[in-house]
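Have a look at the structure below before the remarks.
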Amino acid sequence: MDKNSKIYIAGHRGLAGSALVRELQRQGYTSLVMRTHTELDLEDADATKQFFESERPEVVFLAAAKVGGIHANNTYPVDFLMSNLLIEANICRAAHATNVKRLIFLGSSCIYPRDCPQPIREEYLLTGPLEATNRPYALAKIAGIEMCWSYNRQYGTKWLAAMPTNLYGPGDNYDLNNSHVLPALLRKMHEAKVSGATEVVLWGSGTPKREFLYVDDLANALVFLATLDAKRYDALVDPLLCPLINVGSGEELTIRELAEKIAEVVGYQGKFIQDTSRPDGTMRKVMDVSRIRGLGWQAGISLGEGVKVAYGDFVARYS
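Under our numbering, residues 38 to 356 are what the sequence shown spells out, in order.
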């Protein structure tokens, strides 16, 4: 991948996709291809095929997806399953037909079993039951990994699946019904501070442990992977091996500790109420990132620093 390579970012308006655009532009890549959902419906196989035949990208970052938190996943399981399956299948088929050189599929850490050993290694995939609250989404992402591996085995493609931990940062979704935990807490704290509320309700017990990655760190990791030399990249996409690699910070904290950190950044000084009628989800989830660190990459932005930037983005967009 050189600076003039034609690079398609599927889902360029999303949290991860927009960070990818920023990172590629920062590094001087000049031929970025992007389409909004209005311009290209990736659930439409014919439209996707025609787009690839017309544009002929050399590299594809598959960051397009239907995403959401526990509430959204529980409420719209068919939408999360079908939309993601269609997007993945249509892009993979079109990418193969047009000889895309490198494709990096963006998954999610929820692909791993609910109760697998910690930290989570890539080989734990499909070794146990999934977390029930987001199983349809997780199964769609697992299918995407299998698509990459199947194309590599059958057709000799060089497609890689990168699994990020919980993401946050500029461009995040702050809808309290559909967002992930960090942006939801950030909004709750801000609104409580502005209204003078003395209590903020937290879902669940507050004891589950989570890992978070600033989205610009993820984007840097994806470009790092896409630009690896042939020897190291080919080792990752060896058709005999599942082409899966974790991307995370390798650090964890409880949801309660996260809430306290966000409150400090926002300036909320009230107390927290734990609503234990709400689901906790998986009790612990931290990624083993030894594989990507062994290649020479690690996260560079601390949670405290990242939350400050995310809060600034929230205030600029929503206040």
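By construction, the Cβ of each residue, glycine as well, lies at the ideal position given by its N, Cα and C atoms.
- In the DSSP assignment, Asp81 falls outside any beta strand (DSSP E), carrying neither H nor E.
- Counting C-beta pairs with one atom in each stretch, the region 249-256 and the region 53-66 have three or more that are closer than 8 Å, which means they touch.
- Beta-bridge partners assigned by DSSP to Val238: Ile310.
- For Val96, no alpha helix (DSSP H) encloses it; the enclosing beta strand (DSSP E) starts and ends at 96-99.
- From the listed residues Met324, Asn110, Phe351, the smallest Cα separation to Thr170 is found for Asn110.
- The shortest CA-to-CA distance from Ser91 to any of Asp78, Asn127, Thr135 is the one to Thr135.
- For the pair Thr75 and Val115, the Cα-to-Cα distance works out to about 22 Å.
- For the region 267-292, the full-length beta strand (DSSP E) segments reaching 3 residues or more read 281-284 along the chain.
- Cβ contact annotation for Ala198 (same chain, cutoff 6 Å, sequence separation greater than five): Phe142, Gly144, Ile182, Cys185, Pro280, Leu281, in chain order.
- Note on geometry: alpha-carbon atoms of Val274 and Ala126 lie some 19 Å from one another.
- Contact check for Met226 against Val284 fails: the beta carbons are separated by 8 Å or more.
- Counting along the chain, the unbroken alpha helix (DSSP H) around Pro114 starts and ends at 114-134.
- Cβ-Cβ distances below 6 Å link Gly287 to Val326 in the same chain, with the five nearest sequence neighbours on each side left out; the list follows chain order.
- Cα atoms of Leu265 and Tyr205: separation of roughly 25 Å, rounded to the nearest angstrom.
- A contact is defined here as three or more CB-CB pairs under 8 Å, and the region 145-164 fails this definition with respect to the region 80-88.
- When rounded, the separation of the alpha-carbon atoms in Pro207 and Asp350 is 6 Å.
- Rounded to whole angstroms, the gap between the alpha carbons of Met38 and Ile44 is 9 Å.
- The secondary-structure analysis by DSSP pairs Ile46 across a beta bridge with Phe98.
- In the structure shown, Lys138 falls within a coil segment according to DSSP collapsed to helix, strand and coil.
- In the displayed model, Asn214 falls within coil according to three-state DSSP, outside both helix and strand.
- Take the alpha-carbon of Ile107 and the one of Lys246: they are about 15 Å apart.
- In the three-state reduction of the DSSP assignment, Val70 falls in the strand class, which pools E and B.
- Within the DSSP secondary-structure output, Lys322 pairs in a beta bridge with Arg247.
- Here Val97 is not near Ile124, since their CB atoms are 8 Å or more apart.
- For Asn41, there is no enclosing alpha helix (DSSP H), as DSSP gives it neither H nor E.
- Rounded to the nearest angstrom, the gap between the Cα atoms of Leu167 and Leu79 is 27 Å.
- A distance below 8 Å separates the beta carbons of Thr244 and Arg293.
- Contact between Leu140 and Ala132 is confirmed by a C-beta separation of about 5 Å, below the 8 Å threshold.
- If you ignore the 5 residues before and after Ala100, its C-beta comes within less than 7 Å of the C-beta of Ile46, Ala47, Gly48, Gly51, Ala53, Gly54, Leu57, Leu143, all in its own chain and listed in chain order.
- Nearest Cα to Tyr305 within the set Tyr348, Leu340, Asp312, Arg328: Tyr348.
- Linking Phe89 to Val260 through their CA atoms gives a straight-line distance of about 21 Å.
- Ile179 places its beta carbon 8 Å or farther from that of Met324.
- Membership of Asn203 in any alpha helix (DSSP H) is not indicated; the residue belongs instead to the beta strand (DSSP E) covering 203-205.
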